[in-house]
Structures are given as structure tokens and as C-alpha cells.
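Taking it in order: structure first as C-alpha cells, then the write-up.
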Amino acid sequence: MQDIIEKAKKTHILSKNEIVKLLKNNSDDLFNAADEVRKNFVGDGIHLRALIEFSNICKNNCHYCGLRAENTNVERYVLSKDEIIKLAKNAVDMGFRTIVMQSGESKVFSADTLADILLEIKKLNPTPAITLSIGELTTEEYKILKKAGADRFLLRIETTDKELYKKYHPNMDFENRARCLKDLKELDYEVGTGCLVGLPEQTLESLADDILFFKEINADMIGIGPFIPHKDTPLKDAKGGSFELALKVMAITRLLLPNINIPATTAMEALKENGRIIALQSGANVVMPNITLDNVRKKYEIYPGKTSVTYDNLENKLQQIGRIISKDCGFRGDSPLTLNPSPLGRGKHPRKIKQARYLRKNMTPQERKLWNTIKNNQINNLKFKRQHPIGEYIVDFICIEKRLILEIDGGQHNYKKNIRYDNERTKYLNSRGFQVLRFWNNDIDNNLEGIIEKILSV
Ligand code: SAM
Ligand code: SF4
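Using numbering that gives the first Met the number 0, the letters of the sequence shown map in sequence onto residues 0 to 457.
Okay, structure coming up:
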């Protein structure tokens, strides 16, 4: 098992079989590895997102959810525009840098009305990031909301097993959900998705497919929670998901998508005392405190136990496990560790940025030749950047998604002192999760094809 974990830590790639093996295994090594990768890639900061559940009205009938339209035991509500803006203002005053607006899927607000609300929230100081979690919309509606200031969108795929999806989502269509995620990516939202763990008939193979799906769409956030049966739903007698299995799915997701945001979900805490803290020690780096007022919070019962999860003493609890509350909006890649471990944070290392700009303008002929071949996603749709600062170094070419760096060496790299420098540099870059390929100027001049093959094979 250890070899699979080591491979995942190093390459962030696993096959479906390997994922299934990890899901079957019961050692803590997986959780420790996910915690280590979390620390290396996104650091010790915890992003707090203030959650406003602004309406529990839903037209859908997901078999697992307490808010489903056919559940007549729910007292339905919708907050007014002013109430939502007031809650958002309170959250910003309390120091939250992200507002998450969640609801059932309905048309209680048109996209234009929601856009007005977003525009008001964006006027708050400091301007918060806004995440929406309001279900499937048309491309046009997603566009309107993006334009009004929505930064992120959470839409769990729930399960990638199309048969199961159909069974538990009457009158919904897997392909449309996938279309929504694609639209959101194309519209430049930060995209969150995720799955329910422990649905009846769900297999470990299908959970492995879910994880591979997250990787394939290169999601920016992944929310994973155990399915908890609700008494007023068709799945009321189901066994429900286990905390341990949900934790494994989450930990493997961290290994494969090292620099994304992963919440310690409320369902984890609802199922197990201290579950949120355990999740934060097994790969998670986000908590979403619910700031909806108590009188309506009770009506947003998607599963039992949810409404009694509290956030008391959260800061102390985080401190006890050596974590700190992050002060930024927490976009993917914002962590100073993700790309640039300067204490000034990413993009704020003026000297390095200036130097990188200079190098970009003054590439060697060999660098230019390779750049002309790999730029604009020309090889296998891989996105390469050139002369990119990482920590105190500037690397020649980098594919962030694959965590691959290409370095071109001229003759001067043969000198003893330079060899030592290169080795230290490579060691540092490896420690940040990057693989470094070095090529000689000669190789570029005489065997460019061989180099491209090598890059592709890696
Ligand atoms: N209506 C929107 C949607 O479905 O995307 C957002 C709100 S919905 C209540 C948020 C999430 O709750 C869903 O994505 C689903 O995974 C989760 N959920 C629903 N019922 C659940 C249950 N019984 N146990 C655990 N999670 C559940
Ligand atoms: Fe509605 Fe979302 Fe619940 Fe499905 S999961 S019934 S879409 S609130």
C-alpha cells in the first residue's frame, strides 16, 4: 500500500485499481500522506467561508435530500434581498472573506434579481469573494451571475455512476449536470464539485471513478460528505455512508489534486464527534460556518444532525491542531506555498517578477525554439508558462497542472559550483511537488522531437 501512497504523493496520478486498493485499505498512512500534501501545497491556513442558506424551496426530488419537493413536512422559506445582504454584511464585519449563498433549486429569485444581490454584496468593504450553490442553471444565467460578481460555484456531481444518478435523481439528467460544470469552467468560475459517499448500491469502483472525474475536470474545490439518511425521503431505511470511507475519498482526492480547496464538510461532523477536525488533519483546508439565523437554519435540514453542528470555539480548536485562520479570500493557488513560498505571497515578490519579465524578453535561441513548440497548448493540450518564479527561483518552463518543469542547460551548467546549485534547486522544486526535466542546448538544436516525446512520456 505504501508504494501506491508514495506514488500518489510524488506524481499525483493513480489508476482506478490503485484508488480502489487505497479505499479498501484501513491504515492511517493514507490520512497522514494527505495531511502532508495539504501542508506542502496549501499550508496551514484554514479558509472560513460564511454560509447563508437563503432558501429551502426546491423543485427537485433527489432521493436522499430532506429538502426534496415532495417532502411536505418542511416549512419552506426564502430570505428577502435585504436579509441576505444584511447577513453578508455581518459576515464581512466578522472578518469572513467569502460568502457562500446556497439554496434548493428553484426560481424564487431570477438570475437578474440574484445579480442585484451580488452587486450589493460586492460593494462591501473589504470586498468578499462570492460562492454560489444553487443548482443547475442555463449557460446564460451562469453568465449573468458571473458578470455580477460570482467568483465560484459549487455543484456536486453527486455520483458519476450514471445508473445510480438516474435512480436517485428523478427528472434530472447527468449530462445536463456535467454540462453545467463545463459551462462554469468555461466562464472562469472557480468550480467546486464533489460526491456523496455511501449511497445504496454505490461501489468502491464508482467512488474511484468519482475521484478520477474530479481530476479530469480539474476541479478547484471538492466537497465530499457521507450520505446520511433522512426520515422523510425514499432512502430513509438505507444504511448511510461511513465517516471512514468518506474520509478516505477525501484524502485520496487531496493526493491527486494537491493544491485545491477541500472543505471539512458539516456532514463529517454530523456523523462523528470531532469529525471536522479529523477531516482537517486528513487533507481538508476549508470550513464553512453557517451564519444563517437559527430560526430559519432549522428548516434547512437536508439530513438529520446537520442543524445541531456548531462553530463554537472554532478558532481555539484550529489553533490546538496547529492551524491558523487565513486572512485572504482563499482562491485556488493563492497559498504562498502553492507556487511561491515567499512570505510576501504569490505575485508579491516584485524583484522576482521583474527578473522573470526580463528573462522572458531575453530568451536564448534554444529556449525560444522549445517555447515555439510548446506554447498555446500545442502539445497534448498542456498549458506551459515560461520564466515562472517559484520561491527564490525562476524556472524556464512550467506546466502547473501536471506539476512539470522543463529546464534548459547551456555549457555553464557543467561547472562544479553550478551543478551543486542545480541539484539544490531541483531538490527544492521536488519538495514542492514538481518534477524537473533538464535538457541541454544541444538536445534542443538536434533532437527537438525526442524532447517532445520525453515530455509526453513523463
Ligand atoms: N440544491 C443545490 C444542489 O443540489 O446543488 C445546493 C443545495 S444541496 C442541499 C447541497 C448538497 O447537499 C448536495 O449537493 C448534496 O450532496 C447534499 N446532501 C443532500 N442530501 C444529503 C444527505 N441526506 N446526506 C448528505 N448530504 C446530502
Ligand atoms: Fe434540491 Fe439540492 Fe436537495 Fe436535490 S440536493 S433536492 S437539488 S436541495
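From the three backbone atoms N, C-alpha and C, an ideal C-beta is built for every residue, glycine too. Remember, it's a predicted structure, so these values are computed and weren't measured experimentally.
Who are the Cβ neighbours of residue i in its own chain at under 7 Å, not counting the five residues just before and after it?
i: residue 75; result: 55, 56
i: residue 312; result: none
i: residue 455; result: 378, 379
i: residue 113; result: 144
i: residue 358; result: 386, 393
i: residue 426; result: none
i: residue 171; result: 59
Once you ignore the five residues that flank residue i on each side, which residues in its own chain have a CB closer than 8 Å to its CB?
i: residue 165; result: 173
i: residue 145; result: 186, 187, 188
i: residue 107; result: 54, 56, 77
i: residue 50; result: 99, 101, 287, 288, 289, 290, 291
i: residue 487; result: Nothing can be reported for residue 487: it is not among the residues displayed for the chain, which extend from 0 to 457.
i: residue 141; result: 152, 179, 182, 183, 186, 188
i: residue 279; result: 45, 263, 286, 317, 320, 322
i: residue 161; result: 173
i: residue 450; result: 369, 438, 442, 443
i: residue 265; result: 224, 275, 287, 289, 305, 308
i: residue 167; result: 61, 62, 63, 157, 158, 198, 234
i: residue 163; result: 198, 200, 201, 205
i: residue 118; result: 147, 148
Which residues bound the alpha helix (DSSP H) around residue i?
i: residue 205; result: 203-215
i: residue 271; result: Segment: none, residue 271 is in no alpha helix (DSSP H) and carries neither H nor E.
i: residue 242; result: 242-255
i: residue 396; result: Premise fails: residue 396 lies in the beta strand (DSSP E), 392-398, not in any alpha helix (DSSP H).
i: residue 469; result: Absent from the structure is residue 469, since the part of the chain shown begins at 0 and ends at 457.
i: residue 456; result: 447-456
i: residue 90; result: 80-92
i: residue 144; result: 138-146
i: residue 293; result: 293-296
i: residue 200; result: Counting along the chain, residue 200 falls outside any alpha helix (DSSP H), and DSSP gives it neither H nor E.
i: residue 23; result: 15-23
For residue i, which residues of its own chain have a beta-carbon under 6 Å away from its beta-carbon, when the five flanking residues on both sides are left out?
i: residue 199; result: 237
i: residue 131; result: 100, 149, 152
i: residue 209; result: 159, 194
i: residue 234; result: 62, 63, 228
i: residue 6; result: none
i: residue 60; result: 67, 68, 69, 169
i: residue 207; result: 15, 18, 19
i: residue 121; result: 148
i: residue 447; result: none
i: residue 434; result: 403
i: residue 240; result: 196, 197, 225, 226
i: residue 355; result: 386, 388, 393
Beta-carbon separation of residue i and residue j under 8 Å?
i: residue 65; j: residue 300; result: yes
i: residue 225; j: residue 197; result: yes
i: residue 147; j: residue 330; result: no
i: residue 383; j: residue 397; result: yes
i: residue 249; j: residue 218; result: no
i: residue 22; j: residue 246; result: no
i: residue 40; j: residue 432; result: yes
i: residue 8; j: residue 36; result: yes
i: residue 256; j: residue 221; result: yes
i: residue 268; j: residue 308; result: yes
i: residue 395; j: residue 403; result: no
i: residue 1; j: residue 27; result: no
i: residue 365; j: residue 407; result: yes
i: residue 73; j: residue 298; result: yes
i: residue 123; j: residue 88; result: yes
i: residue 96; j: residue 327; result: yes
Name the one or two DSSP bridge partners that residue i has.
i: residue 100; result: 51, 131
i: residue 387; result: 394
i: residue 280; result: According to DSSP, residue 280 bridges with nothing at all.
i: residue 406; result: 437
i: residue 151; result: 130, 189
i: residue 323; result: 44
i: residue 74; result: None; residue 74 has no bridge partner.
i: residue 125; result: Beta-bridge pairing links residue 125 to no other residue.
i: residue 194; result: 157, 223
i: residue 285; result: 46, 262
Please confirm whether residue i has its beta-carbon closer than 8 Å to some beta-carbon of chain D.
i: residue 390; result: As a matter of chain content, chain D is missing from the structure shown, which is built from one protein chain.
Just reading off the beta strand (DSSP E) that residue i is part of, what are its end residues?
i: residue 365; result: First-last for residue 365: 364-373, but that is the alpha helix (DSSP H), not the beta strand (DSSP E).
i: residue 221; result: 220-225
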